[in-house]
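Step one of this worksheet: look at the structure below.
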Amino acid sequence: MPGKITLSVIKADIGGYVGHSSMHVEIKEAAGKLLQSQKGAGKIIDFHVSHCGDDLELIITHRNGCENPDIHGMAWDIFERCTEVAKSLKLYGAGQDLLADAFSGNIKGMGPGVAEMEIEERTSEPILIFMADKTSAGAWNLPLFRMFADPFNTAGLVISPALHDGFRFEVHDVKSSKRIFFNTPEEMYDLLVFIGAPGRYMVKAVYCKSPEEIGAVSSTERLSLIAGKYVGKDDPVCIVRAQGDFPAVGEVLEPFTMPHIVEGWMRGSHYGPLMPVSLSEANPSRFDGPPRVVGLGFQLAEGKLVGPRDMFDDPSFDRARDLCNIIADHLRNHGPFEPHRLPMEEMEYTTLPGVLEKLEGRWEGMK
Ligand code: F6R
Ligand code: MG
Ligand code: MG
């Protein structure tokens with residue numbers, strides 16, 4: 229059937245097994261059953277349920293467009309029902325990311341993370357979905373820059389006529405709720421001024437310049453800004469289209485061979501390397517980490533999700549994983565000292581203010 233397809237990836241931590249390290253199989257089964265009944269009723273085209281660490285990931289295709297109240301409401305309902313399962317198993321932090329009491333039209337701003345794109349499916353539509361745990365929403369800035377703007381990563385920017393004009397980046401300032409667009413390569417340095425500070429400025433989407441066509445979209449929800457206090461990390465997701473007018477699959481994966489340092493890890497209060505892993509290894513345990521990223525590959529066929537392929541299940545990422553462990557050891561040796569621990573400004577959004585409050589009266593003025 230012709231017409232546009234919407235791909236929605238909606239995620240939430242609704243309870244961890246054990247602690248915050250992974251997901252219980254009964255949660256995934258419950259989500260799968262609920263989505264299967266929606267598919268049977270013709271409300272969605274297809275779905276895949278996955279996880280990264282303690283985050284439940286709903287990958288859904290449909291024809292309703294982005295920010296659709298029926299699709300968002302369905303996801304909210306699934307998270308609530310899975311929370312009931314989590315409570316019955318006394319899983320850890322059941323319902324953790326459901327920050328609102330009831331659904332009100334759009335799941336954005338209610339706790340769960342969302343990345344959605346509406347596309348005209350190409351003759352062949354390879355899609356990569358990245359899902360991270362124990363890190364925050366700006367974690368995609370560096371890899372998205374490398375994929376779509378760095379010729380040392382993406383050979384196609386130099387040698388393919390389809391990519392040679394570069395791309396357009398949509399950047400959100402999540403602290404002041406503003407956005408700005410930059411064209412690369414011409415405005416690459418302006419872009420880097422902002423996205424090099426991923427705690428505040430986030431690459432929301434990347435587009436082909438002309439005709440404008442979406443190539444990537446990420447979730448930019450910052451839980452701490454929604455809740456006004458620490459309630460767990462954002463654990464963001466990102467969708468990337470590959471091949472043809474977009475970077476090749478291998479160019480999309482290549483940035484993850486350099487494990488960049490992201491914020492998150494233990495108590496959401498530490499910097500650590502982002503480790504690319506297969507699904508079977510997406511269970512962060514050491515010091516509740518280090519932060520993980522999983523990459524699932526699909527071919528879309530009239531909205532049907534053909535896949536997934538577990539893209540980091542490949543020995544060519546072993547060196548990145550080894551390097552992560554070396555960096556992790558070195559950072560861990562700093563214990564409670566920066567730069568392992570986040571700078572004070574970022575600690576405002578952790579549980580540290582509770583400790584500071586207790587000590588407030590002990591500070592004496594000095595001449
Ligand atoms: C990080 C994370 C964990 C918890 C830590 C303490 O995103 O989820 O590192 O912060 O395990 O958890 P609570 O405070 O729930 O005991
Ligand atoms: Mg958790
Ligand atoms: Mg998590």
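Just so you know, we're using my numbering here: the sequence shown kicks off at 229 and counts up by one. We treat Cβ as the ideally placed atom computed from N, Cα and C, and that holds for glycine.
Are the CB atoms of residue i and residue j nearer to each other than 8 Å?
| i | j | result |
| --- | --- | --- |
| T234 | H290 | yes |
| S364 | R450 | yes |
| D283 | K239 | yes |
| G281 | R520 | yes |
| L317 | H248 | no |
| G460 | G517 | no |
| S310 | E344 | Position check: residue 310 holds Cys in this sequence, whereas Ser was assumed. Their beta carbons are not under 8 Å apart, which means C310 does not touch E344 by this criterion. |
| E254 | V313 | yes |
| R560 | F515 | yes |
| V421 | W368 | no |
| F395 | K437 | yes |
| Y458 | T578 | yes |
| P196 | P371 | There is simply no residue 196 to check, as the chain begins at 229 and stops at 595 in what is shown. |
| D557 | S506 | no |
| G443 | V477 | no |
| L502 | P487 | yes |
| H392 | I335 | no |
| M572 | L481 | no |
| A433 | E398 | yes |
| G535 | P504 | no |
| E530 | E349 | yes |
| G366 | P426 | yes |
Among the options, which residue has its Cα nearest to the Cα of residue i?
| i | options | result |
| --- | --- | --- |
| I273 | M359, G394, I288 and Y320 | I288 |
| R492 | M486, G523 and S452 | Residue identity differs from the one stated: residue 492 is Gly in this sequence, not Arg. Nearest of M486, G523 and S452 to G492, Cα basis: S452. |
| G339 | D329, I347 and E346 | D329 |
| Y499 | F565, P439 and N369 | F565 |
| C466 | F474, E592, A455 and T448 | T448 |
| Y417 | I306, D378, V434 and I387 | D378 |
| L551 | I423, I489 and F380 | I489 |
| D361 | I306, K336, E509 and V399 | E509 |
| P354 | M503, R537, Q266 and K406 | R537 |
| K232 | E573, L587, M575 and K532 | K532 |
| P475 | M302, A455, E346 and F373 | F373 |
| Q527 | E257, A470, P512 and P571 | A470 |
| F331 | A259, R350, L319 and A303 | A303 |
| D241 | S404, F376, L286 and A269 | L286 |
| E346 | G366, I306 and Y435 | Y435 |
| S278 | G268, S250, K271 and M486 | S250 |
| G337 | E479, P439, I454 and E588 | I454 |
| S446 | E440, V468, F376 and P439 | V468 |
| L326 | E308, Y320 and K315 | E308 |
| T351 | K595, M594, N292 and D473 | D473 |
| D463 | Q324, E415 and E398 | Q324 |
| Y245 | R547, A322, F410 and G268 | A322 |
| M375 | R590, F545 and T485 | T485 |
| G563 | L263, M494 and M359 | M494 |
Once DSSP output is grouped into helix, strand and coil, what is the label at residue i?
| i | result |
| --- | --- |
| T485 | helix |
| L451 | helix |
| G517 | strand |
| G384 | helix |
| M503 | strand |
| A328 | coil |
| P354 | strand |
| I306 | helix |
| K595 | coil |
| S446 | strand |
| G339 | coil |
| G321 | coil |
| S497 | coil |
| G293 | coil |
| I347 | strand |
| A240 | strand |
| L570 | coil |
| T578 | coil |
| V492 | A small fix is needed here, since residue 492 is Gly in this sequence, not Val. Three-state result, G492: strand. |
Measuring only from the beta carbon, is residue i closer than 7 Å to any heavy atom that is part of ligand 4?
| i | result |
| --- | --- |
| K362 | Although ligand 4 was asked about, the structure shown includes only ligand 1, ligand 2 and ligand 3 as ligands. |
Only counting runs of 3 or more residues, tell me where the beta strand (DSSP E) segments fall wholly within the region 454-479, in order along the chain.
For the region 454-479, whole beta strand (DSSP E) runs of length 3 or above, ordered along the chain, are 465-469.
Whole alpha helix (DSSP H) runs in the region 520-561 with 4 or more residues, listed along the chain?
Listed in chain order, the alpha helix (DSSP H) elements of length 4 or more contained wholly in the region 520-561 are 546-560.
Which runs of the alpha helix (DSSP H) fall wholly inside the region 247-290 and span at least 4 residues, in chain order?
Segments of the alpha helix (DSSP H) lying fully in the region 247-290: 253-268.
Whole beta strand (DSSP E) runs in the region 360-440 with 3 or more residues, listed along the chain?
Complete beta strand (DSSP E) runs here, min 3: 395-401, 406-411 and 429-436.
Go through the residues and name those whose CB comes closer than 7 Å to any heavy atom of ligand 2, in chain order.
Near ligand 2, meaning a beta-carbon closer than 7 Å to one of its heavy atoms, we find D241, G244, H248, D282, Y320, G321, Q324 and G460.
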